[in-house]
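J.:
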Amino acid sequence: MRLPPVHKMVTPSPPPARLTTAQVYEALRRKILDHSIPPSTKVNIHHISQEFGVSPTPVREALRLLQGDNLLVATSNKGYATTAILDRQGVRDLFEFRLLFEPWAAGAASANRLGNPATTLQKELEDFHSTNDSMQQTLIAHDNRFHTAILTSAGNLTVLKAFEQSHCHLHLFRMYTANWDWQATIAEHEVIAGAVKDADPKAAEESMKEHLHAAFRRFSSAMDELEEEDAFDIRATGSARLVDGS
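When we follow our numbering, the leftmost residue of the sequence shown carries the number 127, and every step to the right adds one.
1) Out of K168, Q176 and A235, state which residue places its alpha-carbon closest to the alpha-carbon of G320.
2) What are the boundary residues of the beta strand (DSSP E) that L198 is part of?
3) Just list the alpha helix (DSSP H) runs in the region 146–179, keeping only unbroken ones of 4 residues or longer that don't cross its boundaries, in chain order.
4) If you run the structure through DSSP and keep just helix, strand and coil, what is A329?
5) Let's see if you can read the secondary structure: which residues bound the alpha helix (DSSP H) around A210?
6) Are the region 329–349 and the region 223–233 touching by the rule of at least three beta carbon pairs closer than 8 Å?
7) Classify S139: buried if its beta carbon has 16 or more other beta carbons within 10 angstroms, exposed otherwise.
8) Once you ignore the five residues that flank E355 on each side, which residues in its own chain have a CB closer than 6 Å to its CB?
9) Should T183 be labelled buried (16 or more other beta-carbon atoms within 10 Å of its own) or exposed?
10) Please state whether DSSP places D219 in a helix, a strand or coil.
11) In whole angstroms, what is the alpha-carbon distance linking I264 and F254?
12) Identify whether F227 lies in helix, strand or coil by the three-state DSSP scheme.
13) Report yes or no: do three or more beta-carbon pairs, one from the region 237–255 and one from the region 282–291, lie closer than 8 Å?
14) Consult DSSP for M261 and reduce its assignment to one of helix, strand or coil.
15) Let me check understanding here. Comparing Cα to Cα, which of P164, L198 and T167 lies closest to Y151?
16) Q193 to A200, Cα distance in whole Å?
17) How would you call S279, buried or exposed, if buried means at least 16 neighbouring beta carbons within 10 angstroms?
18) Taking buried to mean at least 16 other C-beta atoms within 10 Å of its own C-beta, is M261 buried or exposed?
19) If you scan the region 242–303 from start to end, which runs of the alpha helix (DSSP H) of 4 or more residues do you find wholly inside it?
20) For a test of the three-state rule: what should DSSP assign to R186, helix, strand or coil?
21) Any idea what DSSP makes of A237, helix, strand or coil?
22) Can you tell me which of P165, H315 and E187 puts its alpha carbon nearest to the alpha carbon of I174?
23) Secondary structure at S181, three-state DSSP: helix, strand or coil?
24) For E332, which of A232, A267, I266 and I312 has the nearest alpha-carbon?
25) Got a sec? Which residues, its chain only, sit under 6 Å from V317 by beta carbon, not counting five neighbours each side?
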């Protein structure tokens, strides 16, 4: 007698995991930074929910986080829009702000015998090329960690908090979509790290000052494609005065 074939039970594949709020936030942040979502553009919660296959709840939570980064602004109809990129005045203001405390912080960190961040800075530089991420994302993350390590070692929580709340790396690097001169940034960071390692406060302060001067010129030149203006000065304390031009 012939037995009927046995039906094999097939375990269905689990449905794909839904994105978390953190994942939606990170994906949207990338889109804003690389201008996939252009500056000064309304963000549609329903469309984003459909794109990522999630409910509106994690999207709204992610948008609130992006508003905290100053990458989004609330609109009158309870929606959101991406903020405009920095103009020349915004770039100048941000670098004047940084010049007030970052050179001091570099000097203070180099003199901190117990909390000298030289090892952290060196590892950060060594790990720079170890990621497969986009150059924009890599440089934003590296620059933020590098400067935050110095400010943390300086031991002034008020200064550190002010720096973090400015979200300066997001807004400065958002200006760039191509032609990243990352070699110059890394070279300047290596000089700063060397001065910190040598516990030389004066050299650390001066190298940070020179780095901010050079960075200001790079970001200013990024705006030259949009408009032609005469050179302008940036105010700062002491001798730290930046000039837009070579």
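For each residue, glycine too, the CB sits at the ideal point set by N, CA and C. Treat the numbers as computed from the prediction; the structure is a model and nothing was measured.
T.: On the basis of the supplied data:
1) Counting from one through the sequence shown, the residue named residue 320 turns up at place 194. If we check each option's Cα against that of G320, A235 comes out closest.
2) As a working mapping, residue 198 is identified with position 72 in the sequence shown. Annotation for L198: the continuous beta strand (DSSP E) segment containing it runs L198 to A200.
3) 147–159 and 171–178
4) Reading the sequence shown from its first residue, position 203 is the one you call residue 329. Of the three classes helix, strand and coil, the one that applies to A329 here is helix, per DSSP.
5) As a first step, residue 210 is located in the sequence shown; it is residue number 84 there, counting from the start. First-last for A210: undefined, no H or E at that position.
6) yes
7) Working through the sequence shown from its first residue, we reach residue 139 at position 13. Reliability of the predicted coordinates at S139 is poor, the pLDDT of 47 falling under 50, and the value obtained from them is presented with this limitation in mind. Exposed is the call here.
8) Locating residue 355 in the sequence shown gives position 229, counting from the first residue. With a pLDDT of 44 at E355, under the threshold of 50, the modelled position of this residue cannot be trusted; read the value that follows with caution. Nothing meets the Cβ criterion.
9) Working through the sequence shown from its first residue, we reach residue 183 at position 57. By the neighbour-count rule (16 or more Cβ atoms within 10 Å), T183 is not buried but exposed.
10) Residue numbering aside, residue 219 sits at position 93 when the sequence shown is read from its first letter. If DSSP states are grouped into helix, strand and coil, D219 belongs with the helices.
11) Numbered from its first residue, the sequence shown carries residue 264 at position 138. Numbered from its first residue, the sequence shown carries residue 254 at position 128. Looking at the sequence shown, residue 264 is not Ile but Thr. So the two alpha carbons sit approximately 7 Å from each other.
12) Taking the first residue of the sequence shown as 1, we reach residue 227 at position 101. Correct three-state label for F227: coil.
13) no
14) As a working note, residue 261 is residue 135 in the sequence shown. Residue state, collapsed to three classes: helix.
15) Against the sequence shown, residue 151 aligns to sequence position 25. The shortest Cα separation from Y151 among P164, L198 and T167 belongs to L198.
16) Locating residue 193 in the sequence shown gives position 67, where the first residue counts as 1. Locating residue 200 in the sequence shown gives position 74, where the first residue counts as 1. Answer to the nearest angstrom: the Cα atoms are 8 Å apart.
17) Locating residue 279 in the sequence shown gives position 153, counting from the first residue. Classification of S279: buried, given that the 10 Å Cβ count is 16 or more.
18) Here residue 261 is taken as the residue at index 135 of the sequence shown, counted from 1. Exposed.
19) Listed in chain order, the complete alpha helix (DSSP H) runs (minimum 4 residues) inside the region 242–303 are 244–252, 261–280, 283–292 and 294–299.
20) As a position in the sequence shown, residue 186 is number 60, starting the count at 1. It is helical.
21) Here residue 237 refers to the residue found at position 111 of the sequence shown. Of the three classes helix, strand and coil, the one that applies to A237 here is coil, per DSSP.
22) Within the sequence shown, numbered from 1, the residue matching residue 174 stands at position 48. Closest by alpha carbon: E187.
23) Walking along the sequence shown from the start, residue 181 turns up at place 55. DSSP places S181 in coil when its eight states are reduced to three.
24) Here residue 332 corresponds to residue number 206 of the sequence shown, with the count starting at 1. Taking only the C-alpha atoms, the option nearest E332 is A232.
25) For this step, residue 317 is matched to residue 191 along the sequence shown. Counting only Cβ-Cβ distances below 6 Å, and skipping sequence neighbours, we find S333.
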